[in-house]
Structures are given as structure tokens and as C-alpha cells.
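Structure first, then comments.
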Amino acid sequence: MNNNIGSKNQKAVPEAMQALEQFKYEVANDIGVKIPENGYWGNMTSKECGSVGGQMVKRMVEMAEQQLIDSQ
């Protein structure tokens, strides 16, 4: 069941949801963004959240590119 009623932000691979959540916290820690203790990110600035999301995308693209190189 989708907990984000009305949300179009669905995971391409729902089974990866837990790994993506862990990845988000790792990236936040790596770039020095204070991680909310209660897991609620709503009090964080757009800049903080955006920097985490941007770094996640950058690292995922790097991983995908590396997989393409390795598969040749």
C-alpha cells in the first residue's frame, strides 16, 4: 500500500526502499548535514535536503556508470 496518498513519487524498485533510506542517512552524514534524531526531515532547510538528494543522485549515476564500464 502506498503511504504517500496522491504522491507520484514512487520507487522504480520498491524493494530498494530500505537501502535508499539508509543511503540517504549515509550521504547526509558524509556531507555534514545534521541528521534528525526523530527521522522527521520536515524541519530541515530546502538547501540541506536538496544537497542530500543531489549527492544521492550524483553517487547513483557514478555507480551506474561504473557498472556500465564493468559490464563491457
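All the letters of the sequence shown, read from the start, carry residue numbers 0 to 71 under numbering that gives the first Met the number 0.
We put the CB at the ideal spot given by N, CA and C, even for glycine.
Predicted model only: the values in this text are computed from it and were never measured.
For residue i, name the three-state secondary structure that DSSP assigns.
i, result
"Asp33", "Before going on, a small fix: residue 33 reads as Lys here, not Asp. Three-state DSSP puts Lys33 in coil, outside helix and strand."
"Gln9", "coil"
"Ser70", "coil"
"Asn1", "At Asn1, the pLDDT of 47 sits below 50, so the modelled position is not reliable; the number obtained from the coordinates is stated separately. In this structure, Asn1 counts as coil in the three-state DSSP scheme."
"Ala63", "helix"
"Gly49", "helix"
Within the same chain, show all residues whose beta-carbon is closer than 6 Å to that of residue i, passing over the 5 residues directly before and after it, in chain order.
i, result
"Met0", "With a pLDDT of 41 at Met0, under the threshold of 50, the modelled position of this residue cannot be trusted, and the question is left open."
"Asn16", "For clarity, residue 16 is Met in the given sequence; the question names Asn instead. Here the set comprises Lys10."
Assuming contact is defined by CB atoms lying nearer than 8 Å, are residue i and residue j in contact in what I supplied?
i, j, result
"Ala18", "Val51", "no"
"Met55", "Lys23", "yes"
Taking 7 Å as the limit between beta carbons, can you name the residues of its chain near residue i, skipping five residues before and five after?
i, result
"Cys48", "Trp40"
"Val32", "Glu47, Ser50, Val51"
I'd like to confirm something about residue i: is its beta-carbon nearer than 7 Å to some heavy atom of the ligand FMN, or not?
i, result
"Cys48", "As far as ligands go, the structure on display features none, and thus does not contain the ligand FMN."
Leaving out five residues on either side along the sequence, give the residues of the same chain with a beta carbon under 8 Å from the beta carbon of residue i.
i, result
"Ile30", "Ser50, Val51, Gln54"
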